[in-house]
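In the numbering used here, the protein residues as written are 485 to 582.
This is how it looks when you write it as structure tokens:
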């Protein structure tokens, strides 16, 4: 009986040593994590994206009105141009009944 107990103890000891060895190996092999430094904070990224959207919208409107629509590209910034465009759009829709 004692022989069996000794064997089981040695098995447990071997398992424990093996487990400890693998932990040590993993810690040695593991590379230290790199700290990621964000050069541009998230709030500034959002502002930059919104500004770029507005800029590209204006450039697209100038190209669309000036080149495709054969008008002056600077006329895009006049309120009369936009009121004329909304009048053309509203012309095809039925009036609201009051």
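Cβ coordinates follow ideal geometry from the N, Cα and C atoms, glycine included.
Relative to the alpha-carbon of residue i, which residue among the options has its alpha-carbon at the smallest distance?
i           : options       : result
residue 549 : 539, 561, 529 : 561
residue 553 : 569, 527, 522 : 569
Please work out which residues of its chain come closer than 7 Å, Cβ to Cβ, to residue i, disregarding the five sequence neighbours upstream and downstream, and give them in chain order.
i           : result
residue 545 : 560
residue 571 : none
Can you tell me whether residue i is helix, strand or coil according to DSSP?
i           : result
residue 499 : helix
residue 558 : helix
residue 525 : coil
residue 548 : helix
residue 516 : coil
residue 563 : helix
residue 570 : helix
residue 577 : coil
Note down, in chain order, each residue of its chain lying with its Cβ closer than 6 Å to the Cβ of residue i, except the 5 sequence neighbours on either side.
i           : result
residue 555 : 549
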